[in-house]
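In what follows, a structure is listed as C-alpha cells, so that the remarks can point back to it.
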Amino acid sequence: MTSSSPGWARAERLDADRIAETVHARTGVRLVVEGPCPGGQVGAAYVRWPDGHRAVLKWRPHVELAALQAGPLAVTETLRAGGFPAPATELATQIGHAVVVVQELLPGAKIDRLDHHGLDQALALNASLAGRLAGRTDIPPLNLHLRSDGPGYCLHGPLREHSGRSAALERWITSAGAGHPDVMAGYDAVHQDFHPGNLLAVDGSVTGVIDWDGAARGDRRFDLVTLRFGIHPEQADADVVARLDAVLDAIPPDILRPAWAHMSLRMTDWAIRHFSPEEVDRWLDLAEQRAR
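In terms of the numbering used here, the sequence shown opens at residue -12 and continues consecutively.
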C-alpha cells in the first residue's frame, strides 16, 4: 500500500545480502542469506551459519551497540536465564549507524489468528514477566514519547498534519503525557511489541516469543495494551477481543491511559508514514475507543 503522507520519512528496510557481506568483511563470519522472514516492517532474514545451523538476521538502524546491549539484549538474557522462551543472541556488531544482530531461530510459526487458547498462553507469558528485572536499575525504563518524538517512531508531527481527526488524537496523547512521567515505572520485563505475529507456536502451543528489539524495564501490563493493538477483527474472534478488553478494563488508569496513548501514537504515526489513508482510519478507530 502507498503511504498516506509521502512527505514524512519512511523506515529504512533491511538489505540482507548487503548486510551479510558487510558482516563478513567486519567479522570474518560468512552468513548465507536464505530469504526474508514473514511479517515485520523493517525486515529480518533467515540466514545459515558456516556450520549449517539456521538463524535470523536483524538490522537496527540509528542505534548504538552499547545501548542495545544495555537494554533489549540485557532483558532477553535475563529472561532466558529464568527459562523464558526468548531467542539467544548469536552475534551483534555495529555497522555504521546500525547494529546487526543474529539470533537463534526458535521452533514454530507465528500465530495468525488468536483464539482463547492462544490468549490464555499470552496472558500467562505476560504474567511471568512480573518482577523479572528486580534491582536492574542498569536496564533503561520504557520511554513513552508522549510529549516529544521517539527515535524514528512515535512521531507527533504526522498526526498533527494528517487530518483534523488525527490532530485531535495527538492533542489527547500529549494531554495524557502531561499527567504522567516520560518513562514507565516498575521492574517487570516489557517486550513492547507483544502481538500474535511475534508469538511462535507448534500445534497451538506457544514455543517462543521473538522480536525483543524494544524491550525495556517497566510494567508488564503495557504489553497487554500492545496485544490489543495487535489484533484487528480478522485476527481474532469477537469474544477473544472482548475478553482482552475486559482484562484492560481492570488495569489501573495510571497504567492504562499512558500505555494506550503510546500505542495510539505509535501505530497511527506509522500508518500515516507507511500505509494508506484507509489503514490510518482503522488505527484511529481503535485509538479513539479509549482516547478520553
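Built from N, CA and C at the ideal position, the CB exists for glycine as well.
Where does residue i sit, in a helix, a strand or coil, going by DSSP?
i	result
Asp175	strand
Thr80	strand
Thr194	strand
Leu142	coil
Pro264	helix
Pro72	coil
Leu186	strand
Pro23	strand
Phe46	As written in the sequence, residue 46 is Trp, which differs from the Phe given in the question. Looking at Trp46 - three-state DSSP - the assignment turns out to be strand.
Gln90	strand
Gly201	coil
Arg(-3)	coil
Arg207	coil
Pro128	strand
Ala96	strand
Arg35	strand
Ala225	helix
Val170	strand
Arg41	strand
Quick check: the Cα distance between residue i and residue j, rounded to an integer number of angstroms?
i	j	result
Gly83	Met254	28 angstroms
Val193	Ala7	30 angstroms
Pro23	Leu78	18 angstroms
Arg0	Gly30	6 angstroms
Gly191	Leu231	19 angstroms
Arg13	Ala237	50 angstroms
Gly166	Pro239	14 angstroms
Asp180	Ile197	9 angstroms
Leu142	Pro94	35 angstroms
Leu66	Leu60	10 angstroms
Ala188	His149	38 angstroms
Ala109	Thr213	12 angstroms
Arg35	Glu275	44 angstroms
For residue i, which option in the options has the closest C-alpha, if you only look at C-alpha atoms?
i	options	result
His178	His261, Leu146, Glu64	Glu64
Arg17	Ala57, Leu1, Pro23, Asp38	Asp38
Gln130	Thr213, Phe209, Asp169, Val20	A small correction: the amino acid at residue 130 is Asn; Gln does not occupy that position in the sequence shown. Residue Asp169 is the option with its Cα nearest to Asn130.
Ala121	Phe216, Gln90, Ala203	Ala203
Val89	Met250, Arg119, Gly95, Trp199	Trp199
Gly70	Arg279, Ser115, His249	Ser115
Tyr174	Arg158, Leu156, Ala155, Arg207	Arg207
Arg47	Pro128, Asp268, Gln56	Gln56
Val62	Asp125, Trp(-5), Asn185	Asp125
Spatial neighbours of residue i within its chain, please: CB distance less than 6 angstroms, with the 5 preceding and 5 following residues excluded, ordered by chain position.
i	result
Arg244	Ala163
Asp4	Val20
Gly151	none
Among the residues of its own chain, which have a CB less than 7 angstroms from the CB of residue i, if the five just before and after it don't count?
i	result
Thr(-11)	Unreliable positioning characterises Thr(-11) in this predicted model, as indicated by a pLDDT of 44, which lies under 50. A coordinate reading is not provided.
Ile160	Leu133, Ala248, Ser251, Leu252
Ile242	Asp206, Arg208
Val227	Leu101, Asp102, His103, Leu106
Gly118	Tyr174, Asp175
Thr9	Ile82
Arg277	Trp247
Near residue i, which residues of its chain fall below 8 angstroms by C-beta distance, leaving aside the five closest residues on each side in sequence?
i	result
Leu52	Ala79, Thr80, Gln81, Val86
Tyr33	Val20, Glu21, Gly22, Pro23, Cys24, Arg41, Ala42, Val43, Leu44, Leu92
Ala96	Leu187, Ala188, Val189
Arg123	Ala61, Thr65, Tyr174, Arg204
Determine whether the Cβ of residue i lies closer than 8 angstroms to any Cβ atom of chain C.
i	result
Ile242	Looking at the structure shown, chain C is missing, and only one protein chain is on hand.
Would you check if there are 3 or more beta carbon pairs closer than 8 angstroms linking the region 124 to 139 to the region 72 to 79?
Too few Cβ pairs lie closer than 8 angstroms, so no.
Assess contact between the region 216 to 229 and the region 91 to 111, defined as three or more Cβ pairs (one per stretch) separated by less than 8 angstroms. Is contact present?
Contact between the region 216 to 229 and the region 91 to 111 is present: 3 or more CB-CB pairs across the two stretches fall below 8 angstroms.
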